[in-house]
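Enquirer:
Numbering (the working numbering), first residue to last: 71 to 249.
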């Protein structure tokens, strides 16, 4: 009789353990909700990996730009820009033009460039600067859509924050595509 009671307790513990596991998985999937950005006013889309990223500037017929923040602007700010470039312009030249604009930021220090592959190929340009006495960082993705169009995804925020969400910035850039 003890062995039967013991067997029932084991089955009950297994059932409770399995139910707790299912609840935990459902809770994790609810927290890790992805959102796909798409809008009739733009010809691109991308996936935002976490619900913490919120749209702050919505594209319109007159301005195709979109902006997101990761909770607070200093924790992560994304601006998407479409650049019209000369036919077959080199990405290194486009990056250099953008870098010239960043040179005037206080404490500006150029970082390294990296090749990047997602739905679109391109390069990533990293840099650091100071704003309001805080160490900040920029991670700019230059993604070529065609010979005359480059999309620029500008991520900026506190240096530690940008470093900690790098997997998210890479994910957004990897999923960025033209409709």
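C-beta: ideal position from N, C-alpha, C; glycine also.
Going by C-alpha distance, which of 193, 234, 246 is nearest residue 163?
Expert: Comparing Cα-Cα distances from residue 163 to each of 193, 234, 246, the minimum goes to 193.
Enquirer: Any idea if residue 184 is buried or exposed, counting beta-carbon neighbours within 10 angstroms, 16 or more meaning buried?
Expert: Exposed.
Enquirer: Would you mind reading off the limits of the alpha helix (DSSP H) that contains residue 135?
Expert: Here residue 135 belongs to no alpha helix (DSSP H), and DSSP marks it neither H nor E.
Enquirer: Go ahead and label residue 130 buried or exposed: buried means 16 or more other beta carbons lie within 10 angstroms of its beta carbon, across all protein chains shown.
Expert: Exposed, since its Cβ has fewer than 16 Cβ neighbours within 10 Å.
Enquirer: Please state the DSSP three-state secondary structure of residue 166.
Expert: Residue 166 falls in the helix class under three-state DSSP.
Enquirer: If we require 3 or more residues per run, which beta strand (DSSP E) segments fall completely within the region 202–236?
Expert: DSSP runs (the beta strand (DSSP E)) wholly in the region 202–236: 204–216, 219–228.
Enquirer: Between residue 225 and residue 212, which are expected to be in contact by the criterion C-beta below 8 angstroms, what is the C-beta distance as a whole number of angstroms?
Expert: With 8 angstroms as the limit, residue 225 and residue 212 do not qualify as a contact, their Cβ atoms being about 12 angstroms apart.
Enquirer: Would residue 173 be called buried (16 or more neighbouring beta carbons within 10 Å of its own) or exposed?
Expert: The residue is exposed, with fewer than 16 neighbouring Cβ atoms inside 10 Å.
Enquirer: From the DSSP output, in three-state form, read off residue 153 for me.
Expert: Residue 153: strand per DSSP, three-state reduction.
Enquirer: From residue 125 to residue 135, what distance separates their C-alpha atoms?
Expert: In a straight line, the C-alpha of residue 125 is about 11 angstroms away from that of residue 135.
Enquirer: Alpha carbons only, please: which of 249, 145, 107, 167 is nearest the one belonging to residue 234?
Expert: Nearest option by C-alpha distance: 145.
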